[in-house]
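One structure is given here, and the rest of the page talks about it.
Protein chains: 2
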Amino acid sequence: MKRSNTQKLKDALEEDIINGRLLPGEKLDHDALARQYGVSRTPIREAVQQLVVSGLVNVKPKKGTFVAKMSLDQLIEMFEVMAELEGMCGRLAARRIQTGELEALRSALLRCEDPEVMADPDDYYYENEEFHNCIYTASHNEFLAAEARQLKQRLKPYRRLQLQARNRVANSSEEHRKIFKAIESGRERDAEQYLKEHVLIQGTRFSDFVSQVKKFGNSSQATS
Amino acid sequence: MKRSNTQKLKDALEEDIINGRLLPGEKLDHDALARQYGVSRTPIREAVQQLVVSGLVNVKPKKGTFVAKMSLDQLIEMFEVMAELEGMCGRLAARRIQTGELEALRSALLRCEDPEVMADPDDYYYENEEFHNCIYTASHNEFLAAEARQLKQRLKPYRRLQLQARNRVANSSEEHRKIFKAIESGRERDAEQYLKEHVLIQGTRFSDFVSQVKKFGNSSQATS
DNA sequence: GAATGATCTGATGTATACATCATTAGACTT
DNA sequence: AAGTCTAATGATGTATACATCAGATCATTC
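Chain order of the listed sequences is A and B. Position 47 (the first sequence) corresponds to 47 in the UniProt record's numbering; numbering is contiguous. Position 123 (the second sequence) corresponds to 123 in the UniProt record's numbering; numbering is contiguous.
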């Protein structure tokens, strides 16, 4: 598949935002980017506009375009929705999961529980994603899975901030086991509930973290 | 607020798609549109690309861009998610609604129950939207409300097809009353459940309708 | 008559020049 | 010195010309 510069730029910028190379609030200067990537303003414009639509970037008219900076309130709202979507995936998965998918999920679970994996945050992060991806697949609702993935992306720039939460890995792993058991035995409500809590705990820890940070004078404002 | 041609075009095309002036599967010819609106290809391109991102339009490389045509399966998936989001709004509204908001909701309910309104599908359609908008507001989660509205938009081109369902208005109105009572008395679970069902009934009727239509040889295919 | 390949066409992508608008900086007036 | 008008700047939006690429068409060859 041949991809245009516009698409490559969009992906590159998205990557940069998600992985924190571009921080929330940072300015995206069209001319500078054009020079940097050796293209004209046109593809830059188009890439940026697409990011605006998907919510990673926003525009202050006549001021410039900036990496979206969410207020704490907005983040909490987003986590609330994320929890619902994940819960829904779990509920559907508990109802619809097929044998092969269940085995894939079990295997992902075991990898999350591997002491070596748990010791390395990056590894755990990756395997954790795998576990959740298995659930998305097992929900047999591609649209839902896509929405969940997209929202997760939008939250990623902020989740980086709280990776180091104390005991989080061990707790998370326990939660995974409960979720797995619920799905395995087809308990839809439990699967939904455990997954919701799993996400909300992250959200809560996260907002604790942010509000702590805020006290230390980072007067970051929302950009609506 | 001064809006660019690109934005106006985006809105115009969106409108045309949502209101059925452009039908799913129809081609969007850049040059033709440029001539039609008396602008160059640039703003057309940008508007169309934004619609692609938001899912109303999709591109077949080197074939052209077309109004998104969803398969029945995709539509069912989307209704499933819509139901969940609406249910969530209801649950949160039952928990968080404030006095003024409750009165607004009551008033919207009464307008939906007005025989004159119920007699006219367009009026009912409008008041129905108002009722649901009140619930969105009362959920006090702007992000959720925005997602719900956006998904509703994406489904609109297809919902037009089933406006005429028998007794739908009367049933819908009854459902509204149940939903209202649940929210009024703070029964979160009931509000959620009733709203989910309210949406799913539409989805079900809708897919009944579509599968009927399909039998008559409209071999419309999904465009992934 | 089928396969191969050259050309044509339509769709797309990109660069660049120019137009517009708002904010800012500065000069001029009072 | 304050206020106001104006020119400069920077960000953005638009038109247009050109470049590219894939698929369709057509012709040539075997």
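Glycine included, each C-beta is placed from N, C-alpha and C at the ideal position.
Which residues mark the beginning and the end of the alpha helix (DSSP H) in which V67(A) is found?
From DSSP, V67(A) is part of no alpha helix (DSSP H) but of the beta strand (DSSP E) over 64-67.
Would you report the Cα separation of C112(B) and K63(A), rounded to the nearest angstrom?
44 angstroms
Decide if L13(B) is buried, meaning its Cβ has at least 16 other Cβ atoms within 10 Å, or exposed.
buried
Which residues of the region 132-143 of chain B have a Cβ closer than 9 angstroms to any Cβ of chain A? Give them in chain order.
If the cut-off is 9 angstroms between Cβ atoms, the region 132-143 of chain B has H140, N141, E142, F143 near chain A.
Cα-Cα, which of K10(A), L72(A), E26(A) is closest to Q49(B)?
K10(A)
Around the C-beta of G20(B), are 16 or more other C-beta atoms found within 10 angstroms, so that it is buried, or is it exposed?
exposed
Per DSSP, L200(B) forms a beta bridge with which residues?
The partner list for L200(B) (beta bridge, DSSP) is empty, contrary to what the question assumes.
R205(B) by DSSP, collapsed to three states: which one?
helix
Cut-off 6 angstroms between Cβ atoms - residues of its own chain near L22(A), not counting five sequence neighbours on either side:
D16, V67
Whose Cβ in chain B lies nearer than 9 angstroms to the Cβ of S71(A)?
Under the 9 angstroms cutoff, chain B gives no residues; its nearest Cβ is about 11 angstroms from S71(A).
Would M78(B) pass as an interface residue toward chain A - the criterion being a Cβ-Cβ separation below 8 angstroms?
yes
Please confirm if the region 41-48 of chain B is in contact with the region 105-124 of chain A, defined as three or more CB-CB distances below 8 angstroms between the two stretches.
no
Would you verify that the beta carbon of Q74(A) is, or is not, closer than 8 angstroms to some beta carbon of chain B?
yes
Other residues of its chain near K196(B): CB distance less than 6 angstroms, five sequence neighbours each side excluded:
A83, G87
Cβ-based neighbour list, S40(B), same chain, cut-off 7 angstroms, excluding 5 preceding and 5 following:
Closer than 7 angstroms at the Cβ level, and outside the excluded window around S40(B), lie A34.
If you run the structure through DSSP and keep just helix, strand and coil, what is L28(B)?
strand
For E192(B) and chain A, any beta-carbon pair shorter than 8 angstroms?
Chain A, which has no Cβ nearer than 8 angstroms to the Cβ of E192(B), makes this no.
Under 8 angstroms between the Cβ atoms of A138(A) and L105(A)?
yes
What did DSSP end up calling residue 231(B) once you bin it into helix, strand or coil?
No information on residue 231(B) is available, as it lies outside the stretch 1 to 224 that chain B covers here.
Using the beta-carbon of each residue, which ones in chain A are nearer than 7 angstroms to E46(B)?
E46, Q49
Can the beta-carbon of V59(A) be found closer than 8 angstroms to that of V53(A)?
no
Contacts that S4(B) makes with chain A (C-beta to C-beta distance below 9 angstroms)
What S4(B) touches in chain A: nothing, since even the nearest Cβ is about 10 angstroms away.
Looking at T6(A): is its Cβ nearer than 8 angstroms to the Cβ of P43(A)?
yes
List the residues of chain A whose Cβ lies closer than 7 angstroms to the Cβ of V53(B), in chain order.
Q50, V53, S54
Boundaries (first-last residue) of the alpha helix (DSSP H) holding S172(B)
168-184
Interface residues of chain A facing E147(B) [CB-CB closer than 7 angstroms]:
V81
Among Y136(A), A145(A), R159(A), whose alpha-carbon lies nearest the alpha-carbon of F79(A)?
R159(A)
Cutoff 8 angstroms; reference residue 238(A); Cβ partners in own chain excluding five residues on either side:
Here chain A covers residues 1 to 224 and nothing more, so residue 238(A) does not appear.
Taking L9(B) as part of the alpha helix (DSSP H), name the residues at either end of that continuous run.
5-18
Out of curiosity, what's the CA-to-CA distance linking A32(A) and K8(A)?
17 angstroms
Grab the span of the alpha helix (DSSP H) containing R106(B) for me, first residue to last.
99-113
If we count the other Cβ atoms within 10 Å of its Cβ and call it buried at 16 or more, is K152(A) buried or exposed?
buried
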